[in-house]
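A.B. asks:
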Amino acid sequence: MRMLLNIDVPDLEAASRFYGQAFGWRKERRLGDAAIEMSGAPLAVFLLENAAGTCAHNGEARRYSRHWTPLHCDIAVDDLRAVLERALDAGARREGDIRNEPFGRIVQLADPFGHGWCLIEFNATGYDAIITTHG
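Here the working numbering is used: the first residue of the sequence shown is 14, the next is one more, and so on.
Structure follows, in structure tokens:
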């Protein structure tokens, strides 16, 4: 089994520049007129160009303003401040302060396309610090 991350964006070139500058991903190849495969992430990432207002699902229109979704991506980083600065310089918006948690430090961001992201710098214990049960 393999995991793919498909990210809808309104502009492929702007998105490939943002993710390249923010997270160090590289444009690997173009797939037709409306998709770019990015490399450099620990899973396959595809940017999919879809215009704002087009049908996303069950008649709901696609929008790229900040939106809530029950799914977001966390990126584990070695240097939270450095990656945060790169992401902000690339056009991300910070959504709160860096928080210290039992597992490490975390900050929430929104990319220029309205998607939520968390940057996490795990400490030596990581999520083991918050285990309540196994299995």
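Just so it is clear, CB atoms sit at the ideal spot from N, CA and C, and this is done for glycine as well.
Should VAL90 and LEU132 be called a contact, given that it needs their Cβ atoms to be closer than 8 Å?
C.D. replies: Against a cut-off of 8 Å, the Cβ pair of LEU132 and VAL90 comes out as a contact.
A.B. asks: Heavy atom of the ligand ADP less than 7 Å from the Cβ of ASN136, yes or no?
C.D. replies: Annotation note on the ligand ADP: not contained in the displayed structure, which lists no ligands.
A.B. asks: Taking ASP87 as the reference, give the member of GLY148, ASN63, LEU56, THR146 with the closest Cα.
C.D. replies: The shortest Cα separation from ASP87 among GLY148, ASN63, LEU56, THR146 belongs to LEU56.
A.B. asks: What span of residues does the beta strand (DSSP E) with SER29 cover, start to end?
C.D. replies: Element bounds for SER29: not the beta strand (DSSP E) but the alpha helix (DSSP H), 25 to 36.
A.B. asks: Please report the straight-line C-alpha distance between ARG42 and ASP24, rounded to a whole angstrom.
C.D. replies: Taking the straight line joining both Cα atoms gives about 16 Å.
A.B. asks: Comparing C-alpha positions only, which one of TYR32, GLU26, ILE20, MET16 sits nearest to LEU101?
C.D. replies: LEU101 has its Cα closest to that of TYR32, out of TYR32, GLU26, ILE20, MET16.
A.B. asks: Could you check the C-alpha separation between VAL120 and VAL22 for me, to the nearest Å?
C.D. replies: Answer to the nearest angstrom: the Cα atoms are 22 Å apart.
A.B. asks: Measure the Cβ-Cβ separation of ALA69 and TYR77 and say whether it is below 8 Å.
C.D. replies: Going by C-beta atoms, ALA69 is not nearer than 8 Å to TYR77.
A.B. asks: Below 8 Å between beta carbons: does that hold for GLY37 and GLY53?
C.D. replies: Yes, they are a contact pair.
A.B. asks: Please list the segments of the alpha helix (DSSP H) lying wholly inside the segment 96 to 121, counting only runs of 4 or more residues, in order along the chain.
C.D. replies: None, since the segment 96 to 121 contains no complete alpha helix (DSSP H) of that length.
A.B. asks: Could you pull the DSSP bridge partners for ILE133 from this structure?
C.D. replies: DSSP lists ALA89, ILE119 as partners of ILE133.
A.B. asks: Taking 8 Å as the limit between beta carbons, can you name the residues of its chain near ARG107, skipping five residues before and five after?
C.D. replies: Excluding sequence neighbours, ARG107 sits near LEU97, LEU101, VAL120, GLN121, LEU122.
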